[in-house]
Amino acid sequence: MRRALRNPQLVAGGTVVLLILLVAVFHPFLAPYGVEQMDMANRLSGPSAKHWLGTDNFGRDLWTRLAHGAAISMSIAMASVLIAGTFGTVIGLISGYAGGWLDLTLSRLVDLFLAFPPLILALALIAVLGPGPVNVTIALAAAFWTQYARVVRAITLAERERDYVLAAEAVGASLPRILGRHILPNAAGPILVLATLGVGTAIVTESGLSFLGLGVQPPTPTWGWTLSYGLRFLRSDPWMSTLAGLTIMLTVLGFNLLGDGLRDHLDPRGVVRGIRKNPVS
Amino acid sequence: MSKMGGFGLGVVALVALLGTSAPVTSAWAQPAKGLIRIGTDVDSQSLDPRLMRETTGFRAINLIYSALIQLDDKVSPRPDLATKWENPDPKTWIFTLRRDARFHDGRPVTAADVVFTYTTILDPALNARFRTLYTPIDKIEAVDEGTVRISLKEPYAPLLSYLDLGIVPKHAVEGGRDLNVNPLGSGPYKFAKWKRGSRISLEANADYFGGKPKYDKLDFVVVPDNTARAQAFEAGDLDLIQSPLSPRDIKRLAAAGKAAYAKLPGIAVTYLNINTKSENLGDPRVRKALAMLIDQKTIVDQIYEGTDQAATSLLLPSLAWSYAADVKQPAFDPAKAKALLAEAGWKPGPDGIMGKDGKKLSITIGTHSEDPNRVQTVEFIQNVLKQNGVDAKVAISDWPSFSGGVQNGRHDVGLMGWVALVDPDRLMYGQLHSAGGLNWGKYSNAKVDAALTAGRAAASLPARAAAYKQAAAELAEEMPYYVLSYQGFHVFTDKALTGFVPDPRGYLRSLAAK
Amino acid sequence: MLAYTARRIALLVPLLVGIAVLVFLLMHLIPGDPARVLLGDDATKEAVDRLRASLGLDRPLPVQLWLYFQRLAAFDLGRSIFQSQSVASLILARLPATLEIAFMALLISALLGIALGVAAAVKQGSPVDVFCMMFAQAGVSMPVFWLGILLMYVFAVELHWLPAIGRGEPLPSAIGAAFSGRPEVLLKSLSHLVMPALALGLSNAAVISRLVRAAMLEMLSSDFVRTARAKGMGEGVVVFRHALRNALLPVVTVIGWQCGVLLSGSVLTEGIFGWPGLGQLAVNAIAQRDIPLVQGVILTFAFVFALVNLTVDLLYSAIDPRVRLG
Chain C
187 MRRALRNPQL
197 VAGGTVVLLI
207 LLVAVFHPFL
217 APYGVEQMDM
227 ANRLSGPSAK
237 HWLGTDNFGR
247 DLWTRLAHGA
257 AISMSIAMAS
267 VLIAGTFGTV
277 IGLISGYAGG
287 WLDLTLSRLV
297 DLFLAFPPLI
307 LALALIAVLG
317 PGPVNVTIAL
327 AAAFWTQYAR
337 VVRAITLAER
347 ERDYVLAAEA
357 VGASLPRILG
367 RHILPNAAGP
377 ILVLATLGVG
387 TAIVTESGLS
397 FLGLGVQPPT
407 PTWGWTLSYG
417 LRFLRSDPWM
427 STLAGLTIML
437 TVLGFNLLGD
447 GLRDHLDPRG
457 VVRGIRKNPV
467 S
Chain G
6 MSKMGGFGLG
16 VVALVALLGT
26 SAPVTSAWAQ
36 PAKGLIRIGT
46 DVDSQSLDPR
56 LMRETTGFRA
66 INLIYSALIQ
76 LDDKVSPRPD
86 LATKWENPDP
96 KTWIFTLRRD
106 ARFHDGRPVT
116 AADVVFTYTT
126 ILDPALNARF
136 RTLYTPIDKI
146 EAVDEGTVRI
156 SLKEPYAPLL
166 SYLDLGIVPK
176 HAVEGGRDLN
186 VNPLGSGPYK
196 FAKWKRGSRI
206 SLEANADYFG
216 GKPKYDKLDF
226 VVVPDNTARA
236 QAFEAGDLDL
246 IQSPLSPRDI
256 KRLAAAGKAA
266 YAKLPGIAVT
276 YLNINTKSEN
286 LGDPRVRKAL
296 AMLIDQKTIV
306 DQIYEGTDQA
316 ATSLLLPSLA
326 WSYAADVKQP
336 AFDPAKAKAL
346 LAEAGWKPGP
356 DGIMGKDGKK
366 LSITIGTHSE
376 DPNRVQTVEF
386 IQNVLKQNGV
396 DAKVAISDWP
406 SFSGGVQNGR
416 HDVGLMGWVA
426 LVDPDRLMYG
436 QLHSAGGLNW
446 GKYSNAKVDA
456 ALTAGRAAAS
466 LPARAAAYKQ
476 AAAELAEEMP
486 YYVLSYQGFH
496 VFTDKALTGF
506 VPDPRGYLRS
516 LAAK
Chain D
377 MLAYTARRIA
387 LLVPLLVGIA
397 VLVFLLMHLI
407 PGDPARVLLG
417 DDATKEAVDR
427 LRASLGLDRP
437 LPVQLWLYFQ
447 RLAAFDLGRS
457 IFQSQSVASL
467 ILARLPATLE
477 IAFMALLISA
487 LLGIALGVAA
497 AVKQGSPVDV
507 FCMMFAQAGV
517 SMPVFWLGIL
527 LMYVFAVELH
537 WLPAIGRGEP
547 LPSAIGAAFS
557 GRPEVLLKSL
567 SHLVMPALAL
577 GLSNAAVISR
587 LVRAAMLEML
597 SSDFVRTARA
607 KGMGEGVVVF
617 RHALRNALLP
627 VVTVIGWQCG
637 VLLSGSVLTE
647 GIFGWPGLGQ
657 LAVNAIAQRD
667 IPLVQGVILT
677 FAFVFALVNL
687 TVDLLYSAID
697 PRVRLG
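Structure below.
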């Protein structure tokens with residue numbers, strides 16, 4: 187733990203992430219205005235005493251919108267990472283451990299999804315499923331689960347031949363036990379790193395979907411929506427887009443730093459290093 | 006010893022190179038002499054006039070092809086290929102053609118080409134988008150090489166306004182030429198090149214019967230994002246941009262004063278399509294109440310920033326002969342709306358939401374994601390409705406999903422538009438006549454039917470105007486359509502571009518002047 | 377090596393088949409109807425039905441899928457519903473543009489990434505290190521469309537240094553023109569490429585810089601390099617001749633993965649910069665439900681991506697014989 191605190195990336199990233207999470211959880215108490223409280227006479231005003239971060243294109247308090255947005259964007263991002271991570275890990279474990287035709291088939295499935303550019307896959311899925319936060323979460327999970335599968339498979343392949351695993355098999359331990367108790371802990375570090383970095387990716391991808399006009403419906407205040415709306419007014423009223431963009435940037439930065447810091451601790455062998463895909467902007 | 010080394014040096018050199026070769030009006034911003042670069046939002050999909058579908062296609066086709074008539078900037082028919090026309094009886098039109106028009110391959114334009122064009126567009130197998138505009142035509146025949154007669158099934162007054170359809174060369178099409186990608190017309194500009202997705206290039210037709218156009222070359226440059234297109238214009242990469250543009254950019258460019266700016270009342274409307282067959286909206290009182298909860302002024306003034314005009318009814322001021330200012334839709338009046346809802350049996354529940362027989366007044370308002378102004382409008386409308394007791398939700402999807410829903414009558418309220426409204430018939434007949442092919446909500450009202458049919462058949466403009474006024478008044482009470490605004494049309498041009506006359510449909514024929 | 381290559385190429389076939397099926401299903405599950413979109417606002421029911429029949433959309437799905445595979449086997453990607461042209465010709469017309477922008481983005485990210493990574497590694501722990509890594513991280517954390525619009529605003533609208541939109545002469549012919557005494561053509565092409573490529577490449581620069589930094593740090597403290605230093609070689613030589621070359625290894629692998637990311641990112645960037653590439657084609661095709669076109673474009677993406685991955689894997693094993701393939 188002491189060692190952890192000496193890693194500047196970990197500390198910086200961790201602090202940012204903690205702050206954002208706190209805002210996300212406590213936003214109803216932190217927001218002075220209603221999320222849907224419009225005030226058309228005061229649209230797009232910059233920061234002031236009345237509105238700490240100014241107002242958006244409908245005159246709604248931007249700080250309130252962004253704080254509420256923290257809750258929403260974070261829930262969507264983290265949920266999608268949870269789903270992607272779980273699904274990918276399970277596939278990776280089975281694929282790596284079972285070998286043979288099961289591995290072959292599952293690997294082809296992974297390749298199939300990998301071959302799709304993530305944003306386009308998310309686009310197509312949202313078109314099929316319809317808009318809304320649940321569907322966006324599913325679409326994001328589907329776009330990014332493959333990296334977990336690949337990493338976990340690689341680790342499983344390496345661990346499978348190790349003595350302690352062979353011993354467990356010899357003793358007749360059940361499959362879930364072998365996978366869960368013996369192999370999975372070795373993958374936990376890299377998975378956590380991937381997941382942390384993945385949250386950042388999910389946030390940025392969601393903003394890309396909002397830019398294309400798909401994803402969560404208004405008036406839900408996701409950060410991506412606020413940014414892409416703000417950009418329409420960039421030339422005359424840059425506050426809205428700049429503040430929303432900075433919020434996204436700082437949050438993703440926080441997660442990336444945290445992920446990198448975690449990597450130094452949990453993934454010294456660098457299994458994730460060569461395999462992870464960087465965020466899609 | 007150098008950290009940067011070769012790589013760093015390379016990067017620095019590249020930047021320096023680009024920097025030094027950039028005197029302020031960067032070389033690449035300078036238009037080649039005689040070339041006008043027109044910014045456009047979508048690439049054309051077809052340059053065959055019978056199959057044209059989107060704005061860029063209309064405008065390019067209008068320059069490449071000639072037609073029987075052209076509509077001027079006041080939407081009045083003017084001679085083009087037809088030098089004069091007669092209307093001896095309500096079901097017959099006779100056009101006399103000019104004899105000096107030639108296609109760009111040198112062959113003369115004759116009545117046979119006109120007949121061929123209209124016959125093929127009416128052929129269902131061609132799947133022409135605008136086929137229904139011409140279905141009242143019974144027969145079209147070449148009386149002789151220079152005369153065409155159109156016989157109608159019944160009187161069809163708007164016909165003349167639809168005859169600006171580009172005439173295609175019969176010999177070329179029958180010879181296998183694909184006009185979709187290789188157009189051949191007889192208009193002031195010839196097709197030169199098409200870089201798909203980015204640029205359509207046209208060249209002046211030296212043998213044009215109206216005289217060789219002043220500008221040698223025209224390029225349609227595709228920039229999908231409205232803001233990016235405005236930025237490109239400001240950077241000097243485009244000489245002309247038109248609606249659709251973001252209202253902010255319009256305001257800013259107009260205020261900057263560096264470009265020539267023209268604002269026209271357009272011939273397009275933005276409206277709310279209210280599904281009279283949907284659960285809560287069958288009662289006209291509910292629809293009227295809904296209309297009374299639309300804060301039209303704020304939407305037009307704030308979201309559209311005054312770039313469009315608040316609408317009063319289905320009658321367009323730009324079609325002056327048909328406009329009647331005294332026909333008015335319900336105005337924004339939340340108190341009256343609540344009273345009307347109460348009359349229809351809707352009472353506010355404990356949470357403020359209107360309810361009747363245990364059901365909430367739930368309405369979904371949808372629009373398509375591609376238009377950010379409409380998206381904002383819907384978000385705003387939802388907010389106001391919610392404040393006044395209506396459980397309103399927003400549903401935004403892309404155009405195919407959204408329009409598919411509306412066209413199958415599966416929506417409650419949809420925010421959409423109609424363009425190219427050269428005649429009141431174009432806005433009302435297909436959409437609101439019970440036999441109309443565009444009446445997706447299956448709205449049926451005998452009074453409206455009678456008025457619209459009369460409008461089609463009447464011979465004189467005043468008689469037609471009276472019929473449409475009657476229809477519009479009835480529709481303003483019934484509210485299957487709430488017209489939000491008459492779309493303004495905005496054009497910015499480089500000040501050096503002379504002789505350009507803006508057109509409410511964005512057509513660019515004036516660039517073809519000598 | 378040969379066997380491995382052959383096997384990988386053979387595996388491409390089922391992959392592409394799988395993708396074709398997946399895309400087919402997706403496109404038919406998405407609500408909305410290309411016939412209706414084609415006919416636009418003026419779609420009457422009979423017109424829509426007629427058009428659907430002529431497009432073959434009214435046949436049962438398995439039949440349509442079978443017909444599609446029949447055509448695919450003959451390398452026929454079909455005809456775009458909206459653009460009255462064969463899908464193959466539309467893709468071929470746009471592919472070079474996307475390849476150009478991807479290539480430039482890779483180049484920029486490689487150059488930037490290596491520069492930043494080297495600087496950070498050599499000056500480890502110093503403010504330079506921190507700054508370089510922060511700069512790189514910032515690039516990854518910004519949504520690409522935000523970055524693109526800002527770049528355009530600064531460099532095109534305000535400074536007039538670069539053109540805002542569009543594409544110049546294709547690179548190969550521009551380079552040819554430069555050699556035959558017309559360098560301004562090449563400069564023009566590059567000027568159009570810089571901003572979109574930078575917007576796309578900046579995020580990848582971060583990943584590469586991190587990798588390079590880590591690899592360089594390992595190398596710089598290794599016995600091999602210490603020996604070189606002890607022998608009295610100049611620091612620059614040490615850094616470049618020995619450390620950097622080995623640090624480039626992981627960069628090669630990363631390049632492969634970046635391709636899919638680039639193709640994704642290009643979707644947003646192409647729209648902003650009016651760049652006539654495949655990304656825009658894909659988005660528009662999905663938006664219109666131009667089913668044959670969507671299928672064709674995604675298959676092309678997948679094919680290109682798979683090829684790039686294969687090349688990268690082969691390259692990697694060629695450079696570092698310790699890596700075992702398969």
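Taken in order, these protein sequences are the chains called C, G and D.
Take the numbering used here: the final residue in the first sequence is number 467, and no numbers are missing along the way.
Take the numbering used here: the final residue in the second sequence is number 519, and no numbers are missing along the way.
Take the numbering used here: the final residue in the third sequence is number 702, and no numbers are missing along the way.
Even glycine gets a Cβ: it sits at the ideal position worked out from N, Cα and C.
It should be emphasised that the depicted structure is a prediction, and the values quoted were computed from it without experimental measurement.
- Note on C/L395: 16 or more other CB atoms within 10 angstroms of its CB, so buried under the neighbour-count rule.
- Within the stretch 329 to 394 of chain G, the complete alpha helix (DSSP H) segments at least 4 residues long are 339 to 348 and 377 to 392, listed from N- to C-terminus.
- With a cut-off of 8 angstroms on Cβ pairs, the stretch 560 to 577 of chain D is in contact with the stretch 524 to 538 of chain D, counting three or more such pairs.
- Counting along the chain, no alpha helix (DSSP H) covers G/Y487; the unbroken beta strand (DSSP E) around it starts and ends at Y486 to T498.
- Residue burial is scored here from C-beta neighbours: C/Y350 has fewer than 16 other C-beta atoms within 10 angstroms and is therefore classed as exposed.
- In the structure shown, C/Q223 falls within a coil segment according to DSSP collapsed to helix, strand and coil.
- Under the DSSP definition of a beta bridge, G/F100 partners with G/W90 and G/V153.
- Non-local beta-carbon contacts of G/A294 in its own chain, meaning distances under 7 angstroms to residues more than five positions away in sequence, involve A342, L345 and L346 in chain order.
- Among the residues of chain G, those whose CB is under 8 angstroms from the CB of D/D409 are P405 and G409, following chain order.
- Beta-carbon to beta-carbon, G/K222 and G/G511 are separated by about 19 angstroms, too far to satisfy the 8 angstroms threshold.
- Under the DSSP definition of a beta bridge, G/V227 partners with G/T45.
- Scanning the stretch 373 to 437 of chain C for uninterrupted alpha helix (DSSP H) segments of 4 residues or longer gives 409 to 417, listed from N- to C-terminal end.
- Chain-ordered, the chain C residues with CB closer than 9 angstroms to the CB of G/T232 read L417, R418, L420 and R421.
- The contact set of C/M426 on chain G, defined by CB atoms closer than 7 angstroms, is empty, because the minimum CB distance reaches about 12 angstroms.
- The C-beta of G/R257 comes closer than 7 angstroms to at least one C-beta of chain C.
- Assignment of G/E310 by DSSP, reduced to helix, strand and coil, places it in the coil class.
- C-alpha of G/G409 to C-alpha of D/L414: approximately 12 angstroms in a straight line.
- The beta carbon of C/P407 sits no closer than 7 angstroms to any beta carbon of chain G.
- Contact annotation: G/A470 and G/W326 have beta-carbon atoms nearer than 7 angstroms.
- For the pair G/K398 and G/T369, the CB atoms are nearer than the 7 angstroms cut-off.
- One alpha carbon belongs to D/L388, the other to C/A340, and they sit about 21 angstroms apart.
- When Cβ-Cβ separations below 7 angstroms define contact, G/T303 makes contact with chain C.
- Close partners of G/A400 in chain C (Cβ separation under 8 angstroms): P317 and Q403.
- About 7 angstroms separates the CB atoms of G/G414 and G/K447; that is less than 8 angstroms, so the two are in contact.
- Per DSSP, G/V399 is one residue of the beta strand (DSSP E) stretching across D396 to S402.
- Here C/P404 is near G/E384, since their CB atoms are less than 7 angstroms apart.
- Beyond the five residues adjoining it in sequence on each side, G/G287 comes within less than 7 angstroms, by CB distance, of T281 in the same chain, given in chain order.
- For G/N278, the enclosing beta strand (DSSP E) begins and ends at A265 to I279.
- Across the stretch 198 to 228 of chain G, CB contacts with chain D closer than 9 angstroms involve K200, R201, G202, S203, R204, V226, V227 and V228, in sequence order along the chain.
- Between G/S465 and G/S449, the gap from beta carbon to beta carbon reaches 7 angstroms or more.
- If you look at G/I205, you'll find it in the beta strand (DSSP E) that goes R204 to A209.
- The C-beta distance from G/V80 to G/V427 rounds to 5 angstroms, short enough to meet the 8 angstroms contact threshold.
- Against chain D, the CB of G/S283 has no partner CB under 7 angstroms away; the residue lies outside that interface.
- Of C/A430, C/L398 and C/I434, the smallest CA-CA separation from D/Q656 is found for C/L398.
- Between C/V379 and C/G445 the beta-carbon gap is near 5 angstroms, inside 8 angstroms, which marks them as a contact.
- Look at D/L391: its C-beta is under 7 angstroms from a C-beta on chain C.
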